[in-house]
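Position one of the sequence shown corresponds to residue 2 (my numbering), numbered consecutively onward.
Glycine is no exception: its CB is placed at the ideal position from the N, C-alpha and C atoms.
A quick note: this is a predicted structure, and the numbers were derived from the prediction, not measured.
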Amino acid sequence: MDSLEITLKATRDAQALGYSRQDVVDVVQALEPGDFVKSETAHSPPNSKVWHDSYRIPFDGLWLYLKFAGETLIDIVLTSFKEA
């Protein structure tokens, strides 16, 4: 993975769990279709063009919750990284 866009909040939440940026990349790369939870449009504020995709993944002895947001498949940002 050449780059990962991640919000400051998601970065801080990952660090609070003891995860480095490379660890976060490793978690993202380990995602499988079965980890998918739901997809919904943004609701705060409402925006039907921005989609949020949520995943729940077992990793390193923890269950992690990740949320990505974006308008296109290319424009995606990791907005949430926390223990599920």
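With H, G and I counted as helix, E and B as strand and the rest as coil, what does DSSP make of residue i?
| i | result |
| --- | --- |
| Thr-42 | strand |
| Asp-54 | strand |
| Leu-87 | This structure cannot speak to residue 87, because the chain is shown only from 2 to 85. |
| Gly-19 | coil |
| Ala-85 | coil |
Thinking C-beta only, is residue j closer than 8 Å to residue i?
| i | j | result |
| --- | --- | --- |
| Arg-22 | Asp-36 | no |
| Val-28 | Phe-60 | yes |
| Thr-84 | Val-51 | As written in the sequence, residue 84 is Glu, which differs from the Thr given in the question. Contact: no. |
| Val-86 | Thr-12 | For the chain, the structure presents residues 2 to 85; residue 86 sits outside this window and is missing. |
What residues in its chain sit with their C-beta under 8 Å from that of residue i, if we drop five residues either side in the sequence?
| i | result |
| --- | --- |
| His-53 | Ser-40, Glu-41, Thr-42, Ala-43, Lys-68, Phe-69, Ala-70, Thr-80 |
| Leu-32 | Tyr-56, Ile-58, Leu-67 |
Check whether the Cβ of residue i lies closer than 8 Å to any Cβ atom in chain B.
| i | result |
| --- | --- |
| Glu-41 | Here there is only one protein chain, and chain B is not present. |
Compute the beta-carbon to beta-carbon distance between residue i and residue j, rounded to the nearest angstrom, for a pair I have assumed lies under 8 Å.
| i | j | result |
| --- | --- | --- |
| Glu-82 | Leu-65 | For the sequence presented, residue 82 should be read as Phe rather than Glu. About 7 Å; that satisfies the 8 Å criterion. |
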